[in-house]
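**Student:** For the record, the sequence lines run as chains A and B.
For the first sequence, position 131 (counting from the first letter as 1) is numbered 131 according to my numbering, and the numbering increases by one without interruption.
For the second sequence, position 154 (counting from the first letter as 1) is numbered 154 according to my numbering, and the numbering increases by one without interruption.
Glycine included, each C-beta is placed from N, C-alpha and C at the ideal position.
Fair warning: this is a prediction, and the values are worked out from it, not measured in the lab.
Got a structure for you, questions after.
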Amino acid sequence: MSKFQKKRGKASPEVSTASLPDIIFMLLFFFMVTTVLRDSEMKVEVTTPRATELTKLEKKSLVNYIFIGKPVDKFQKEYGTKARIQLGDKFAGMSDIPLFLERHRSKIPESQHGGIKSSLKIDSDVTMGIVADTKTALRKAGQLLINYSAKKKD
Amino acid sequence: MGSSRDRMKNEINAGSMADIAFLLLIFFLVTTTIAEDTGVLVKLPPYSEEEVEITKMNTRNVYSVLVNADDQLLVRGELAELDDLRSNAKEFIMNPQKLENMAIEPKKAIVSLKNDRGTKYAVYLEVYNELKAAYRELRDEYAEKNFGKVYEYCSSEERAQTRAAIPLIISEAEPTNFGDEG
Numbered sequence: 001m002s003k004f005q006k007k008r009g010k011a012s013p014e015v016s017t018a019s020l021p022d023i024i025f026m027l028l029f030f031f032m033v034t035t036v037l038r039d040s041e042m043k044v045e046v047t048t049p050r051a052t053e054l055t056k057l058e059k060k061s062l063v064n065y066i067f068i069g070k071p072v073d074k075f076q077k078e079y080g081t082k083a084r085i086q087l088g089d090k091f092a093g094m095s096d097i098p099l100f101l102e103r104h105r106s107k108i109p110e111s112q113h114g115g116i117k118s119s120l121k122i123d124s125d126v127t128m129g130i131v132a133d134t135k136t137a138l139r140k141a142g143q144l145l146i147n148y149s150a151k152k153k154d
Numbered sequence: 001m002g003s004s005r006d007r008m009k010n011e012i013n014a015g016s017m018a019d020i021a022f023l024l025l026i027f028f029l030v031t032t033t034i035a036e037d038t039g040v041l042v043k044l045p046p047y048s049e050e051e052v053e054i055t056k057m058n059t060r061n062v063y064s065v066l067v068n069a070d071d072q073l074l075v076r077g078e079l080a081e082l083d084d085l086r087s088n089a090k091e092f093i094m095n096p097q098k099l100e101n102m103a104i105e106p107k108k109a110i111v112s113l114k115n116d117r118g119t120k121y122a123v124y125l126e127v128y129n130e131l132k133a134a135y136r137e138l139r140d141e142y143a144e145k146n147f148g149k150v151y152e153y154c155s156s157e158e159r160a161q162t163r164a165a166i167p168l169i170i171s172e173a174e175p176t177n178f179g180d181e182g
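Structure representation (structure tokens):
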């Protein structure tokens with residue numbers, strides 16, 4: 001009799017959902033850890049100035065970033081304290097700008113090339129010399145839409 | 001039999017844990033704002049070897065702004081303050097009193113911006129910002145007068161008409177080699 005009373009089939013066909021939260025937490029942590037908010041490591045110090053006439057930059061894929069500022073502390077021994085340009089994640093000179101732009105441009109379908117913008121993230125304390133040179137380099141490379149990155153003035 | 005029932009009782013119901021986790025996830029998804037990029041949009045002129053001669057233009061139409069390496073402002077040959085720049089520029093462009101020494105009409109007005117290599121970027125951007133703000137306010141006023149709403153809410157034709165009436169022309173000369181530390 002005892003053999004029949006067990007009724008194995010009826011007892012527990014339910015799938016345990018106890019591990020579901022763990023799976024979701026694991027997903028959550030995975031995304032938290034792997035998400036990179038800024039794709040390039042900052043090698044120059046940039047505190048953008050404040051302004052009122054701001055435009056939002058939409059379509060992030062059409063934007064390339066040029067950073068100008070003095071090198072951060074750990075690179076100052078090597079590169080000094082004079083303002084420098086950073087393209088992608090490395091220091092660059094004026095002559096690297098056309099190639100950098102071309103590399104970005106090649107990733108974008110031709111029909112959208114007119115909408116490519118350069119976001120210039122420039123430190124407030126930088127002097128205009130290097131900025132003017134960058135502007136000239138951008139004009140020579142045919143990159144005419146630029147955006148001086150700035151924060152909202154309160 | 002009895003023992004298996006005991007085991008069932010000891011288990012905490014974890015079915016709602018998933019909901020809690022989802023709630024957390026959604027909460028963070030909604031509240032997190034990934035820092036968006038804002039800035040002052042500028043369209044540069046195409047590069048050409050020869051410098052554009054701005055001096056050939058009728059001087060009454062040119063609103064020249066110079067920013068030197070000491071971050072001082074020279075507007076149309078006179079020392080000026082940054083705070084006055086916006087209202088000053090607006091008056092020059094619109095020329096409400098039809099003065100002899102200001103722009104003939106807004107369409108003809110040209111802002112010429114020049115700086116030294118030693119000018120601080122923050123000051124330069126502030127000046128540029130003020131000039132752009134002056135134009136924005138003028139366009140708003142124009143749109144308000146003609147269409148009864150600010151520029152931002154106008155239709156594309158109305159915007160085009162406003163832009164044609166008050167075109168934003170900011171000409172930037174090559175900076176002078178002065179005060180650059182490099």
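Apart from the five residues just before and just after P125 of chain B, which ones in its own chain have a Cβ nearer than 8 angstroms to its Cβ?
**Tutor:** With the sequence shown as reference, residue 125 of chain B is identified as Leu, and Pro is not the correct amino acid for it. Only V40 meet the Cβ criterion.
**Student:** If you follow the beta strand (DSSP E) that V63 of chain A is in, where does it begin and where does it stop?
**Tutor:** Following the DSSP letters along the chain, one finds V63 of chain A inside the beta strand (DSSP E) bounded by residues 63-69.
**Student:** Spell out the partners DSSP gives T55 of chain A in its beta bridges.
**Tutor:** B:G39
**Student:** Within the 7 angstroms Cβ cut-off, does G182 of chain B reach chain A?
**Tutor:** Residue confidence is low: G182 of chain B scores 47 on pLDDT, short of 50, so the model does not pin down where it sits. No coordinate-derived value is stated.
**Student:** Could you pull out every residue in the same chain whose Cβ sits closer than 7 angstroms to the Cβ of Q86 of chain A, ignoring the five residues on either side in sequence?
**Tutor:** K43, V44, F67, A92
**Student:** Quick check on G182 of chain B: buried or exposed, where buried means 16 or more other Cβ atoms within 10 Å of its Cβ?
**Tutor:** Residue placement at G182 of chain B is flagged as unreliable, the pLDDT there being 47, under the threshold of 50; the coordinate-derived value follows with that caveat. Flag for G182 of chain B reads exposed.
**Student:** Could you pull the start and end residues of the alpha helix (DSSP H) that Y128 of chain B belongs to?
**Tutor:** 121-147
**Student:** Exposed or buried, which one is F27 of chain B when buried takes at least 16 other CB atoms within 10 Å?
**Tutor:** exposed
**Student:** Strictly under 7 angstroms for the Cβ-Cβ distance: is T38 of chain B near chain A by that measure?
**Tutor:** True, the Cβ-Cβ gap to chain A drops below 7 angstroms.
**Student:** Between D83 of chain B and A51 of chain A, what straight-line distance do the alpha-carbon atoms span, to the nearest angstrom?
**Tutor:** 14 angstroms
**Student:** Give a yes or no on whether the C-beta atoms belonging to V33 of chain A and S119 of chain A are separated by under 7 angstroms.
**Tutor:** no
**Student:** Taking all protein chains shown into account, decide if A164 of chain B is buried (16 or more other Cβ within 10 angstroms of its Cβ) or exposed.
**Tutor:** Its Cβ having fewer than 16 others within 10 Å, A164 of chain B is exposed.
**Student:** Can you check which of these residues, B:Y63, B:K90, B:I104, B:A69, is closest to E78 of chain B by C-alpha distance?
**Tutor:** Looking at the Cα atoms, B:Y63 is the closest of the given residues.
**Student:** At 7 angstroms on the CB atoms, spell out the chain B contacts of L138 of chain A, in chain order.
**Tutor:** L44
**Student:** State yes or no: is the beta carbon of S3 of chain B nearer than 7 angstroms to at least one beta carbon in chain A?
**Tutor:** In this predicted model, S3 of chain B has a pLDDT of only 48, less than 50, meaning its place in the structure is not dependable; the value taken from the coordinates is given anyway. By this cut-off, S3 of chain B is not an interface position.
**Student:** Closer than 7 angstroms by C-beta to I170 of chain B: which residues in its own chain qualify, once you throw out the five before and the five after it? Chain order, please.
**Tutor:** Correct list, in chain order: V111, L113, L131.
**Student:** Looking at chain A, is there any beta carbon in it that lies within less than 7 angstroms of the beta carbon of R117 of chain B?
**Tutor:** yes
**Student:** Just grab the DSSP bridge partners of A92 of chain A for me.
**Tutor:** A:I85
**Student:** Is the Cβ of L41 of chain B closer than 7 angstroms to any Cβ of chain A?
**Tutor:** yes
**Student:** If we cut at 7 angstroms on Cβ distances, does I116 of chain A have a partner in chain C?
**Tutor:** The chain labelled as chain C is not found among the protein chains of the depicted structure, namely A and B.
**Student:** Among the residues of its own chain, which have a CB less than 7 angstroms from the CB of E41 of chain A, if the five just before and after it don't count?
**Tutor:** In the same chain as E41 of chain A, and ignoring 5 residues on each side of it, the C-beta atoms closer than 7 angstroms to its own belong to D89, in chain order.
**Student:** Whose C-beta lies closer than 8 angstroms to the C-beta of P167 of chain B among residues of the same chain, with five residues either side of it excluded?
**Tutor:** P106, K107
**Student:** Are V127 of chain B and V75 of chain B closer than 7 angstroms when you measure CB to CB?
**Tutor:** no
**Student:** From the DSSP output, read off the bridge partner residues of A80 of chain B.
**Tutor:** A80 of chain B is bridged to B:L73.
**Student:** One question on the structure: do L145 of chain A and K117 of chain A come within less than 7 angstroms of each other, judged by their Cβ atoms?
**Tutor:** Less than 7 angstroms divides the Cβ of L145 of chain A from the Cβ of K117 of chain A.
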